[in-house]
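**Student:** Order-wise, the sequence lines are chains W and R. First residue of the first sequence: 32, per the working numbering; consecutive thereafter. First residue of the second sequence: 32, per the working numbering; consecutive thereafter.
2 protein chains.
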Amino acid sequence: MRNVKVVIWGFGSMGQGAAAMLLKKKGVEICGIINRSRYVGEEMHAVLGVQKKGHPDVIVTNKVEDVIKEKCCDVVLGFTDSFTKDAHEKLKTALMNKLNCISIAEEMAWPWAQNPEIADELDKIAKEKGVTLLGTGINPGFIMDYLVIALSGVCEDITNIEAKRVNDLSPFGRFVIQEQGVGISVEEFEKRKAADEMTGHVGFPESLSMIAAALGLKLDKIEQTRDPIISKVDREHPHAKVVPGSLAGIRQQGFGYIDGKKFITLDHPQQIHPHLENVNTGDYINIKGTPDINIATNPEIPGGIGTFSMAVNMIPHVINSESGLKTMLDLPVPRAILGDMRHFIKKLD
Amino acid sequence: MRNVKVVIWGFGSMGQGAAAMLLKKKGVEICGIINRSRYVGEEMHAVLGVQKKGHPDVIVTNKVEDVIKEKCCDVVLGFTDSFTKDAHEKLKTALMNKLNCISIAEEMAWPWAQNPEIADELDKIAKEKGVTLLGTGINPGFIMDYLVIALSGVCEDITNIEAKRVNDLSPFGRFVIQEQGVGISVEEFEKRKAADEMTGHVGFPESLSMIAAALGLKLDKIEQTRDPIISKVDREHPHAKVVPGSLAGIRQQGFGYIDGKKFITLDHPQQIHPHLENVNTGDYINIKGTPDINIATNPEIPGGIGTFSMAVNMIPHVINSESGLKTMLDLPVPRAILGDMRHFIKKLD
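(1) Quick check on DSSP: helix, strand or coil for W/I156?
(2) By the criterion of Cβ-Cβ separation under 7 Å, what are the contact partners of W/T163 in chain R?
(3) For R/D361, return the contacting residues in chain W, with the cut-off set at a CB-CB distance below 7 Å.
(4) To the nearest angstrom, how far is the alpha carbon of W/K224 from that of R/L54?
(5) Taking only the alpha-carbon atoms, compute the straight-line gap between W/T124 and R/V207 and give it to the nearest angstrom.
(6) Please report how far the alpha carbon of R/P171 lies from the alpha carbon of R/W141, in whole angstroms.
(7) Where R/N329 and W/P322 are concerned, what is the direct C-alpha to C-alpha distance, given to the nearest angstrom?
(8) By a C-beta neighbour count over all protein chains shown, 10 Å radius and 16 as the cutoff for buried, is W/A77 buried or exposed?
(9) How about R/Y315: is its C-beta nearer than 8 Å to some C-beta of chain W?
(10) Does chain W have any CB closer than 8 Å to the CB of R/T256?
(11) Have a look at W/F110, W/E120 and W/N146 and flag the residue whose alpha-carbon is nearest the alpha-carbon of W/I135.
(12) If the cut is a Cβ gap below 9 Å, which residues of chain W does R/M341 touch?
(13) Identify whether W/P269 lies in helix, strand or coil by the three-state DSSP scheme.
(14) On the three-pair Cβ rule with 8 Å, is the region 340-352 of chain W touching the region 310-320 of chain W?
(15) Do W/Q301 and W/I281 have their CB atoms nearer than 8 Å?
(16) Given a limit of 9 Å on CB to CB distance, which residues of the region 268-296 of chain W reach chain R?
(17) How should W/V217 be labelled, buried or exposed, when 16 other C-beta atoms within 10 angstroms of its C-beta is the threshold for buried?
(18) Tell me the residue span of the beta strand (DSSP E) that contains R/Y70.
(19) Below 8 Å between beta carbons: does that hold for W/I324 and W/L182?
(20) Chain W partners of R/F375, CB-CB under 7 Å?
(21) Are the C-beta of W/M45 and some C-beta of chain R separated by less than 8 Å?
(22) Please compile the residues from chain W whose C-beta is within a distance smaller than 9 Å of the C-beta of R/M52.
(23) Which residues of chain W have a Cβ atom closer than 9 Å to the Cβ of R/G370, listed in chain order?
(24) Counting only runs of 4+ residues fully inside the region 330-359 of chain W, write out the alpha helix (DSSP H) ranges in chain order.
(25) Just the C-alpha distance for R/V273 and R/D265, rounded to the nearest angstrom, thanks.
(26) Within the same chain, show all residues whose beta-carbon is closer than 7 Å to that of R/K377, passing over the 5 residues directly before and after it, in chain order.
(27) How about W/I133 and W/I346: do their beta carbons lie closer than 8 Å?
(28) Are at least three pairs of beta-carbons, each pair with one atom in the region 39-55 of chain R and one in the region 96-114 of chain R, less than 8 Å apart?
(29) Is there contact here, the region 60-70 of chain R with the region 92-102 of chain R, by at least three beta-carbon pairs under 8 Å?
(30) So is R/A327 in contact with chain A if we call contact Cβ pairs under 8 Å?
(31) Could you give the distance in angstroms between the alpha-carbon of W/K195 and the alpha-carbon of W/Q284?
(32) Taking 6 Å as the limit between beta carbons, can you name the residues of its chain near R/D105, skipping five residues before and five after?
(33) Based on Cα-Cα distance, which residue from W/F114, W/F173, W/K121 and W/N128 lies nearest to W/P147?
(34) Consider the Cβ of R/G355: report whether some Cβ of chain W lies at a distance smaller than 8 Å.
(35) W/T221 to W/I261, Cα distance in whole Å?
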């Protein structure tokens, strides 16, 4: 039986994580890697710093047309972009070439939330070409939506949902640290916020819409807030210096309203070194209903590994799926692929 | 659009819970209730002690053939039996009449674990008749298998899995209290255990097999142990008296081995009034791997409500499914049905 063939599009930390993970799995091979500029012309194993163990060399390229050809692989893993409008053309190119796709662009987890026209177009193309497109990741895609929904399955009724993800930004690099405002003053934060220059976490409208759709509810309104997490102590990071009174990070909240009341609350404080002020990291889901459900992870499920693992682990479900734009609500439960990946696939032509 | 039509087979506490839940939902109606002897001839609302609000009367009957007729409903909810061999004929009768079925018989969550011939036969009949059969519940069906599997989806690799469910038997009635040996002496426990008369929790071989199948692993061996939980204090219950030195309950463990080592450990201590010895109830999942995952609920997700809610909430997925014997691994994520049930169903003919 031939191997499952995968193209990796986007070779930053997520794409590299997925590649290293795939190299450890049975029954699957990487047949192409696309990246915009960095690593172009370099060989995959060398970039990853891993020993060759029988997998063919793969040279990173920025020439999309050299890799994305009709039916060249079983699935394209898209590790580019956060926004649907930015991922749109790349995904379209892959679909047009009759390739299944998995995207970790946050908004693609529920693209109808903010880009219904693009979502409908991608769905139409996927169906015409007989392939499947899935948006997934850790958040959105799992912790603050899928896990909430799965837990709701044991409930007779629900009156309120809260999910909170308290994480530590310390492992992240310059881009995230700057985007999350670590080390800036409160004045600077207010200025950037007013200018709409603080992206923060992308995905709350998607997670809120996914939960509501899953439960058969319609939200009247979605709201988001961003507040500074003002440090009381000194906190150090290679790319930021936090002094008392400056920002350790940002607390972002999202609310889904029904009949004028908050039905879903998502709460996501992100900062460096939270333990310095005795803040424990973790994921918390509290469902009020019949019965109440209270669940906590300790520490938080890590975002990076979680995201690329989810993309890789969903490969068989996407290959097995009927065609079209799908979400985590449509496909079977995600699961770690510990055996030969080919055995998870119904039909490998 | 017509309502979704449901038959309830088995009208004990689970069947009654489901009926009361269904009466609160939109777009669904109960069109028949079967019970062996108790409540026969009585009207559903009266048995449930709930006010009539427009739902037609339903008289409980023990005449299966008066209810189970070809295509008489969209789904039969089976709240009878724990063992596949006991549920077998009832499920077969429903399937032969072209009726989708959901069974909470514990072994039906993964009937291949202990009754592969019956599983294959039921699968064959379901496919011939174009209907779907699902085994589900809280445990097996969710806490110690489905939730473990879903969490594994964020893992790159896994070396070990432990799931522990610490619950309080105090809310249960005479049958469970006696079956779990509450109040008996250690000698009596050893005698009953030697005579294979302590059923305890049913479902560990099923949960272990489901996890292994989901991850693409093959277990060498499944083991189960039962140990007495010996009380240090007096504990009171309407159906048992626990004195120091006698049994507060039973701790049951299940192990799935790979290469001679425990890969999956399921641990389920069940007793009355655990708080009297400072034992907190809860569900705990600990996955060792990349990354480690540690999750806890507090208190445990209640078994009774959880079981009938899961059966009701899976109705649309079972109606929407392709035909055959399915498991929780095949169908989309469970979710609380808060909106009109008809809107969850792809095609209601």
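The beta carbon of each residue, even a glycine, is placed where N, CA and C say it ideally should be.
**Tutor:** If we stick to the structure as given:
(1) helix
(2) What W/T163 touches in chain R: nothing, since even the nearest Cβ is about 14 Å away.
(3) Proximity of chain W to R/D361 at the Cβ level (cut-off 7 Å) is accounted for by P363, in chain order.
(4) 48 Å
(5) 59 Å
(6) 9 Å
(7) Here the alpha carbon of R/N329 sits roughly 12 Å from the alpha carbon of W/P322.
(8) exposed
(9) no
(10) no
(11) Relative to W/I135, the option among W/F110, W/E120 and W/N146 whose CA is nearest is W/F110.
(12) Those within 9 Å of R/M341 in chain W are G184 and V185.
(13) coil
(14) no
(15) yes
(16) none
(17) exposed
(18) Counting along the chain, R/Y70 falls outside any beta strand (DSSP E), and DSSP gives it neither H nor E.
(19) Contact flag set, yes.
(20) G247
(21) no
(22) E187, D188 and T321
(23) Those within 9 Å of R/G370 in chain W are L246, G247, L248 and K249.
(24) 334-344 and 346-351
(25) 6 Å
(26) N351
(27) yes
(28) As far as the Cβ criterion goes, the region 39-55 of chain R touches the region 96-114 of chain R, which means the pair count is three or higher.
(29) yes
(30) Absent here is chain A; the protein component of the structure consists of chains W and R.
(31) 9 Å
(32) V35, K36 and I350
(33) W/F114
(34) no
(35) Residue 221 of chain W is actually Glu in this sequence, not Thr. In a straight line, the C-alpha of W/E221 is about 13 Å away from that of W/I261.
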